[in-house]
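Note sheet for the following structure.
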Amino acid sequence: MSEPLFFMIPDAPTPVAPFSHAVEADGWVFVTGQMPTWPDDDAKPLPEGVEAQTARVMENLILVLNGMELGLEHVVQARVFITRFKEDYAAMNAVYASYFPPDRRPARTCVGVTGLARDALVEIDFIARRS
1 MSEPLFFMIP DAPTPVAPFS HAVEADGWVF VTGQMPTWPD DDAKPLPEGV
51 EAQTARVMEN LILVLNGMEL GLEHVVQARV FITRFKEDYA AMNAVYASYF
101 PPDRRPARTC VGVTGLARDA LVEIDFIARR S
């Protein structure tokens, strides 16, 4: 196994804690969970509602993937963390699904949690594989 490589992506949002945006080992890329923060201004308020937050999270994940010279087609697994599971699950799913073709959706786990950093409604992380 090769030594892991740790990446901070210049165009991605400022981390809300001490972590790398992505870590790569043997062609596997582990993308840290992204929050619905704005890449150009971390102080801006989070988008309103789970739909807007999910879209912002997905766009942030794409920024990290692109910084690794990857795209959504490389994603093999996702984990979704959502604070208002019953209220927001369907709306989050609709936005999330719009980013993947129906025949190329990654494996996924979705977990209801009691809270997320910055009082976000949703956080998503990815595992991708270099072709």
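In the UniProt record's numbering, the protein residues as written are 1 to 131. Cβ atoms here follow ideal geometry from the backbone N, Cα and C, with glycine treated the same way.
Taking residue i as the reference, which of the options has the closest Cα?
{"i": "D40", "options": "A22, E59, A25", "result": "E59"}
{"i": "F6", "options": "F100, I62, G67, P47", "result": "G67"}
{"i": "V75", "options": "F19, P36, E87, G27", "result": "G27"}
{"i": "F19", "options": "A107, M8, K86", "result": "M8"}
{"i": "V113", "options": "Y99, D88, R105", "result": "D88"}
{"i": "E3", "options": "H21, T14, A25", "result": "A25"}
{"i": "E51", "options": "T109, R118, D103, A90", "result": "A90"}
{"i": "T109", "options": "F81, T37, L70", "result": "F81"}
{"i": "D11", "options": "D42, F30, M1", "result": "D42"}
{"i": "V16", "options": "A22, M35, R84, V31", "result": "M35"}
{"i": "D103", "options": "I62, R130, E73", "result": "E73"}
{"i": "F85", "options": "V111, M1, E69", "result": "V111"}
Pull up the CB-CB distance for residue i and residue j, whole angstroms please, since I reckon it's below 8 Å.
{"i": "L65", "j": "A128", "result": "6 Å"}
{"i": "H21", "j": "T14", "result": "That belief does not hold up - the Cβ atoms of H21 and T14 are roughly 10 Å apart, past 8 Å."}
Who are the Cβ neighbours of residue i in its own chain at under 6 Å, not counting the five residues just before and after it?
{"i": "Q77", "result": "P106, A107, I127"}
{"i": "A55", "result": "V95"}
{"i": "F30", "result": "V23, I127"}
{"i": "R130", "result": "G27"}
In chain order, what residues of the same chain lie with their CB nearer than 8 Å to the CB of residue i, ignoring the 5 residues before and after it?
{"i": "V122", "result": "P36, V50, Q53, T54, V57, V80, F81, I82, T83, D88, M92, L116"}
{"i": "L63", "result": "I9, D11, A12, P13, P39"}
Can you give me the Cβ contacts of residue i inside the same chain, cut-off strictly under 7 Å, excluding the 5 residues immediately before and after it?
{"i": "G71", "result": "L65"}
{"i": "R118", "result": "V16, M35, T37, L46"}
{"i": "M1", "result": "A25, D26"}
Give the straight-line distance between the Cα atoms of residue i and residue j, rounded to the nearest whole angstrom.
{"i": "L61", "j": "Y99", "result": "11 Å"}
{"i": "residue 132", "j": "I124", "result": "Nothing about residue 132 can be reported from this structure: the residues present for the chain run from 1 to 131 only."}
{"i": "P101", "j": "K44", "result": "31 Å"}
{"i": "E69", "j": "E48", "result": "30 Å"}
Please report whether the beta-carbon of residue i lies at a distance below 7 Å from any beta-carbon of chain D.
{"i": "P106", "result": "Among the protein chains of the structure shown there is no chain D, as only one such chain exists."}
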